[in-house]
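For reference, the structure is listed below as structure tokens.
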Amino acid sequence: MSLTFGFSSMVSAHEFLHPDSLTAFMQNDQYLSIGIAAYAVGKGGVEWEFLKNTEADPTNKSFSVPGGYPNIKMSVKNTGSQPFRVVVQHAARPSVILFDVTVPANGLETPFIDNDYNPKVPIGNYLITLYGGTAAPKGTLDINNSCILWPSD
73 MSLTFGFSSM
83 VSAHEFLHPD
93 SLTAFMQNDQ
103 YLSIGIAAYA
113 VGKGGVEWEF
123 LKNTEADPTN
133 KSFSVPGGYP
143 NIKMSVKNTG
153 SQPFRVVVQH
163 AARPSVILFD
173 VTVPANGLET
183 PFIDNDYNPK
193 VPIGNYLITL
203 YGGTAAPKGT
213 LDINNSCILW
223 PSD
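Numbering (our numbering), first residue to last: 73 to 225.
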């Protein structure tokens with residue numbers, strides 16, 4: 073068994089990617105895993121734990137998208153008994169919504185990715201809001217930005 077590290081040709085003609093910004097592990101000519109190098113992830117990410125939440129609609133958390141880091145990945149785990157909704161919306165331009173998703177109550181981490189697709193992801197501050205309806209959302213939320221595309225999980 074041989075393992076090969078690194079990437080060389082995962083970029084389209086209109087994208088620039090430093091060869092050290094991705095990592096992959098290859099076994100028998102198949103990639104086993106892929107990740108983004110730490111320096112490719114921007115500042116302003118949020119790790120939010122609401123495991124003991126008692127309110128159906130918690131207050132907003134803020135999230136920042138700096139220039140040059142338009143690729144967004146959000147991972148949400150619902151440890152409660154009911155599904156809840158997550159909305160990530162631009163603070164100054166409410167019509168810009170990155171995510172409006174319902175997270176099932178299955179205890180599994182669910183990833184959501186926006187790799188600067190239409191509409192383009194504008195820089196600025198965003199509000200993250202949880203809507204539980206009749207139940208208090210319980211779980212965790214991690215959201216980060218990157219200067220390169222997030223691999224799909």
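The beta carbon of each residue, even a glycine, is placed where N, CA and C say it ideally should be. No experiment lies behind these values; they were computed from the predicted model shown.
**Asp129 - DSSP class collapsed to helix/strand/coil** = On the sequence shown, position 57 is the one that residue 129 refers to. In the structure shown, Asp129 sits in coil (DSSP, three-state: anything other than H, G, I, E or B).
**Request:** Determine the closest residue to Lys124 out of Pro138, Phe171, Thr151 and Val160, with distance taken between C-alpha atoms.
**Result:** The residue labelled residue 124 in the question sits at position 52 within the sequence shown. The shortest C-alpha separation from Lys124 is found at Thr151.
**Request:** Give me the Cα-Cα distance between Ser218 and Val158, rounded to the nearest whole angstrom.
**Result:** Here residue 218 is taken as the residue at index 146 of the sequence shown, counted from 1. Here residue 158 is taken as the residue at index 86 of the sequence shown, counted from 1. C-alpha separation (whole angstroms): 20 Å.
**Same chain only: Cβ atoms within 8 Å of Arg165, ignoring 5 sequence neighbours per side** = Taking the sequence shown and counting its residues from 1, the one referred to as residue 165 is at position 93. Counting only Cβ-Cβ distances below 8 Å, and skipping sequence neighbours, we find Pro194 and Gly196.
**Prompt:** Count the other CB atoms within 10 Å of the CB of Leu221; is the residue buried (16 or more) or exposed (fewer)?
**Reply:** For the purposes of this step, residue 221 is identified with residue 149 of the sequence shown, where counting begins at 1. Leu221 is buried by the Cβ-count criterion.
**Request:** Report the three-state DSSP secondary structure of Tyr189 (helix, strand or coil).
**Result:** Start at 1 with the first residue of the sequence shown, and residue 189 comes out as number 117. DSSP places Tyr189 in coil when its eight states are reduced to three.
**Interface flag, Ile220 vs chain D, CB-CB below 8 Å** = Note that chain D does not occur in the displayed structure, where there is just one protein chain.
**Prompt:** So who's on the other strand from Arg165, going by DSSP bridges?
**Reply:** Along the sequence shown, one-based indexing puts residue 165 at 93. The partner list for Arg165 (beta bridge, DSSP) is empty, contrary to what the question assumes.
**Request:** Report, in whole angstroms, the separation of the C-beta atoms of Ala177 and Ser147, which I expect to be a contact under 8 Å.
**Result:** On the sequence shown, residue 177 is found 105 positions in, with the first residue counted as 1. On the sequence shown, residue 147 is found 75 positions in, with the first residue counted as 1. About 16 Å; that fails the 8 Å criterion.
**Asked** When the Cα of Pro183 is compared with those of Pro223, Leu199, Val168 and Lys192, which residue comes out closest?
**Response** Position 111 of the sequence shown, counting from 1, holds the residue named residue 183. With distances taken between Cα atoms, Pro183 lies closest to Pro223.
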